[in-house]
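A quick write-up on the structure given underneath.
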Amino acid sequence: MTDLDRLIDLHGPALICDALRPLMTEQRLARIEQVLDARLTSLVTIVEDLYDPHNGAAAIRSTEALGLQDFHACEGVHRFAVNDGVTKGCHRWLDLHRWPALPPCADALRARGFKVYATAPDAPVDLDHIDVSAPIAVVFGNEHAGVSDAGFAACDGTVSIPMFGFTESFNLSVSVALVMSRLAARRREVLGRRGDLPDERRDRLRARWYGLGIRGAVGVIERHVSAGTRPVVAP
Ligand SMILES: C[S@@+](CC[C@H](N)C(=O)[O-])C[C@H]1O[C@@H](n2cnc3c(N)ncnc32)[C@H](O)[C@@H]1O
1218 MTDLDRLIDL HGPALICDAL RPLMTEQRLA RIEQVLDARL TSLVTIVEDL YDPHNGAAAI
1278 RSTEALGLQD FHACEGVHRF AVNDGVTKGC HRWLDLHRWP ALPPCADALR ARGFKVYATA
1338 PDAPVDLDHI DVSAPIAVVF GNEHAGVSDA GFAACDGTVS IPMFGFTESF NLSVSVALVM
1398 SRLAARRREV LGRRGDLPDE RRDRLRARWY GLGIRGAVGV IERHVSAGTR PVVAP
């Protein structure tokens, strides 16, 4: 947890926003509300045992750009590393969840009402034919081996991106962009709106995003808090 998140926990998002808002332009405030409006939490990306940090970073970047908030990295043999040069820092805007393996991640999401699908080039059901009426989590596998056997067993189904050429599979990060873009559009259509952030999470994210955009935000918040709590000295 970052210092900023700790301060949000301690003081609540409203106070953090009050402290930082005066330092932000109207355009920036409006942009943050626009992105919050479009944030989807009922579609999440999961990657399993990736070894190339560039692929992981590109997957994060596509996930964030599509307006999805949660990215789960399940670490089999390889530790998941974020390549800042490729994400351009965008991993800070979303929630990155690390797991030691796919099964506990899939179980936790299922317990929250998600259907968990593994992607595979030879899956008989394609992207346009899976049910998007409930929250969905999609698993992308290792660059060479694809999703592991234990990973497939932990999922509720499999899904493919149709292929029409001689090539037998897409690159991992290309797959993330293709699948999540299509499913995000389908999910938004079912919801009838662009985003689905619950109010409490929206308030916390707003506070975090204000803080991420301001150099020295932690100090600004601490000064704001101590100014507000300084005992009043009688004249
Ligand atoms: C390079 S592929 C791995 C190829 C591996 N031989 C296999 O059969 O899964 C890496 C990942 O990209 C995704 N992928 C690639 N092409 C796909 C397709 N046509 N449909 C669904 N997922 C695909 C899957 O998540 C896969 O695990």
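Going by the working numbering, the residue at position 32 of the sequence shown is 1249; the numbering climbs one at a time, nothing skipped. Using N, Cα and C, we set each Cβ at its ideal position, and we do this for glycine too. The structure displayed is predicted, hence computed values, not measured ones.
Mind listing, in chain order, the continuous beta strand (DSSP E) runs of no fewer than 3 residues lying wholly within the segment 1300 to 1387?
1312 to 1316, 1332 to 1336, 1353 to 1357, 1374 to 1376
Expressed to the nearest angstrom, what Euclidean distance is found between the alpha-carbon atoms of A1451 and R1245?
Because the pLDDT at A1451 is just 49, under 50, the model does not fix this residue reliably, and the value given afterwards should be weighed accordingly. When rounded, the distance between both Cα atoms is 40 Å.
Bounding residues of the beta strand (DSSP E) (the contiguous stretch that carries V1264):
1260 to 1265
Contact check, I1277 vs G1428, beta carbons under 9 Å:
no
CA-to-CA distance, S1386 to A1298, given in whole angstroms:
24 Å
Taking the alpha-carbon of I1431 as reference, which of F1357, C1234, A1328 has the nearest alpha-carbon?
C1234
The segment 1374 to 1391 / the segment 1411 to 1427 touching (three or more Cβ pairs under 8 Å):
no
Nearest-angstrom Cα separation, counted from H1308 out to L1221
15 Å
Collapsed DSSP secondary structure at L1257 in the structure displayed
The answer is strand: DSSP assigns L1257 an E or B state.
Less than 7 Å between C-beta atoms, sequence neighbours within five positions excluded: which residues of the same chain meet that for H1295?
D1266, L1267, Y1268
Can you name, in chain order, every residue of its own chain whose Cβ lies under 8 Å from the Cβ of D1312, other than the five neighbours on each side?
Q1286, D1287, F1288
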